[in-house]
Amino acid sequence: MSATDLQACVGKTETRTDQITSMPFAALSATLDIDAPTPRAGDPVPPLWHWMWFMPIHRQSELDEDGHGKTGDFLPPVPLPLRMWAGGRLEFHRPLRVGQTYTRISHILDVRRKEGHSGSLIFVIVGHEIGDAEGIALSEEQDIVYRDKATAGQVSVTAAPAAPSDAAWERVIRPNDVLLFRYSALTFNAHRIHYDRRYATEVGGYPGLVVHGPLIATLLLDLLRRNVPKAKVGRFAFRAVSPLFDTEPFVVCGKPENDGKTISLWAKDAAGHLATTATVTVA
1 MSATDLQACV GKTETRTDQI TSMPFAALSA TLDIDAPTPR AGDPVPPLWH WMWFMPIHRQ
61 SELDEDGHGK TGDFLPPVPL PLRMWAGGRL EFHRPLRVGQ TYTRISHILD VRRKEGHSGS
121 LIFVIVGHEI GDAEGIALSE EQDIVYRDKA TAGQVSVTAA PAAPSDAAWE RVIRPNDVLL
181 FRYSALTFNA HRIHYDRRYA TEVGGYPGLV VHGPLIATLL LDLLRRNVPK AKVGRFAFRA
241 VSPLFDTEPF VVCGKPENDG KTISLWAKDA AGHLATTATV TVA
């Protein structure tokens, strides 16, 4: 498919309606090792936890080789086989609440082709607005990147820059296949790089199972919650710099900036390479 054909997908829309239920809320608390009471109707959903709802529910026959749903329905039919979530930007207008029903309206905002060190890349930017009769509660843009298959060992983090060394807070995360499986299940994410080690290493070219980008982002905001429990997140932006794997621990880090409104967050691997950067604007 040509770049012109892909660009023609810009403006495509999709609508999904879902109810915020308590079970995923409680299950993610357990997965993140948070000691929290059972959520009740009306309780606010923590920022980024909305990723457990509004998911596409593909039949088994509708899945592609990588475990994702086949493209061409809502997402453009990109002719590259590997798909990853590279980052995003979110604005939280008001919290979603347990027991309430919301509608998510999604749009294809842009499709771009770039050349990377491993070959051609295609970036798809998807916009979401989640709300109800009271208006929009959450606005989001997601950056999805597609690339070609890699040979075993081709993908590495050796070229990633060094992470900042001035963190005010740090927490060591020890990922394993159980953590990745539980997060995949909660977000109904069948992408094989997160649980199928042979696929991740032989097809994806990774040294181990890949830690979900959204999980890293969620752990970064959880670090803020642990250190500034009363912080109210107004905006959040994150970008994947290099992947993290279940083969070694990684560290989530953060610090408040001097303006009193900005929190810088980042994740680094065991060698100190930067993996993910994020910025929080406190409301």
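For the sequence shown, this note's numbering gives the first residue as 1, with consecutive numbering after it.
No residue lacks a Cβ here, since even glycine has one placed at the ideal position from N, Cα and C.
Nearest residue (CA-CA) to residue i, options the options
i, options, result
"R83", "A275, A190 and E257", "A190"
"D143", "P229, R225, E115 and R239", "R239"
"F92", "R112, P44 and L75", "P44"
"T276", "T17, A86 and R147", "A86"
"G135", "R147, A159, L121 and I105", "I105"
"W51", "L80, Y206 and A217", "A217"
"R40", "D246, T21 and R192", "T21"
"P256", "Y195, K268, S242 and A278", "A278"
"C253", "A185, G272 and H107", "G272"
"D148", "K114, R171 and T101", "K114"
"A270", "S242, E202 and H212", "S242"
"A162", "T187, K268 and V210", "K268"
"W53", "L121, G213, V98 and T31", "V98"
"L221", "L244, F74, W266 and K12", "W266"
"A168", "R16, N258 and Q60", "N258"
"V111", "Q7, P214, G208 and D196", "Q7"
"I131", "A231, L209 and R94", "Reading the sequence as shown, one finds Gly at residue 131 and not Ile. Here the closest residue by C-alpha is R94."
"S120", "Y102, Y146, Q100 and T103", "Y146"
"G260", "M23, I122 and A231", "A231"
"F188", "C9, P46, A36 and H68", "H68"
"L224", "A200, P207, T103 and S264", "S264"
"F123", "E248, T247 and V10", "V10"
"P175", "L96, P229 and G213", "G213"
"F236", "R197, L274, L215 and V280", "V280"
"R171", "D35, T247, A159 and L219", "L219"
"S165", "Q60, R192, L274 and E248", "L274"
"P46", "L96, L32 and E62", "L96"
Which of helix, strand or coil DSSP assigns to residue i
i, result
"I34", "coil"
"R174", "coil"
"H194", "helix"
"V252", "strand"
"T187", "coil"
"G153", "The pLDDT assigned to G153 is 49, lower than 50, so where the model puts this residue is not dependable, and the model offers no usable value."
"S264", "strand"
"L179", "helix"
"P44", "strand"
"Y206", "coil"
"A160", "coil"
"A27", "helix"
"A200", "helix"
"D5", "helix"
"S165", "coil"
"D148", "coil"
"S22", "helix"
"S106", "strand"
"R113", "strand"
Whole-angstrom C-beta distance between residue j and residue i, which should lie under 8 Å
i, j, result
"G127", "L109", "5 Å"
"V282", "G234", "6 Å"
"E65", "P77", "Wrong, their Cβ atoms sit about 15 Å apart, outside the cutoff."
"E140", "L90", "5 Å"
"V203", "L244", "Wrong, their Cβ atoms sit about 18 Å apart, outside the cutoff."
"F25", "W49", "7 Å"
"L180", "Y195", "6 Å"
Element boundaries [alpha helix (DSSP H), containing residue i]
i, result
"T218", "G213 to N227"
Where the beta strand (DSSP E) containing residue i begins and where it ends
i, result
"A237", "V233 to A240"
"E285", "Past the boundaries of the shown model lies residue 285; the chain is included only from 1 to 283, so the question cannot be answered."
"V280", "L274 to V282"
"E14", "T13 to Q19"
Proximity test, residue i beta-carbon vs the ligand NAP heavy atom, cut-off 8 Å
i, result
"F74", "With respect to small molecules bound, the structure shown includes none, and the ligand NAP cannot be examined in it."
Minimum Cβ-Cβ distance from residue i to chain D less than 9 Å
i, result
"Q100", "Reference to chain D is not applicable here, since this structure consists of a single protein chain."
TODO: Any chance you could list the beta strand (DSSP E) runs of at least 3 consecutive residues sitting entirely within the region 51–101, in chain order?
DONE: Qualifying beta strand (DSSP E) stretches, in chain order: 82–92.
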